[in-house]
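Each position in the sequence shown, counted from 1, maps to that position plus 71 in my numbering. Glycine included, each C-beta is placed from N, C-alpha and C at the ideal position. Written out below as structure tokens is the structure these notes cover.
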Amino acid sequence: MGLLLAASAGPALAHHAFAAEFDSSKPVTFKGTVTKVEWVNPHVWIHVDVKRPDGSAEPWAIEGGTPNVLFRRGFNKQSLIAGTEISIDGYRAKDGTRRANGRDLTFADGRKLFLGSSGTGAPYELQPGSQK
């Protein structure tokens, strides 16, 4: 019994609360070119190159909701492919790396997709005025 519990704890511990990794008081907004999309549990990751003022590319990794949640919102593997230009609004990683929790993704044609994580403490779950 103990072995079964220990073996099943891995996936549960791998999933994190929003507040454990991202800072809702540090929003980020940028445009970029998709380089790769990882459809993995517990979160979809969108990799983008953001153009710096000097013309060089700065790679970012954007965390979205679970594959199942995004699928129910109309997003699928063909919705976003390498080379697609997008805008992202989200929240920066607490550790200062070029990672963010994506809130909204906007396509060049103006279509929007709510990427927001369904994790505990994600900004859409907070009541107005309760963000720190």
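key: Straight-line gap, residue 187 to residue 129 (C-alpha atoms, nearest Å)   = Distance between the alpha carbons of residue 187 and residue 129: 22 Å.
query = Would a check of beta-carbon distances place residue 114 closer than 8 Å to chain D?
reply = This model lacks chain D altogether; it includes just one protein chain.
message = On the criterion of 16 or more Cβ atoms from any shown chain inside 10 Å, does residue 119 qualify as buried, or is it exposed?
response = With at least 16 other beta carbons inside 10 angstroms of its own, residue 119 counts as buried.
ask   = Taking residue 113 as the reference, which of 140, 149, 151, 105 has the closest Cα?
value = Among 140, 149, 151, 105, the Cα nearest to that of residue 113 is on 140.
query = Over what stretch of residues does the alpha helix (DSSP H) that includes residue 172 continue unbroken?
reply = Looking at the DSSP string, residue 172 is not in any alpha helix (DSSP H); the run it does join, the beta strand (DSSP E), is 170 to 178.
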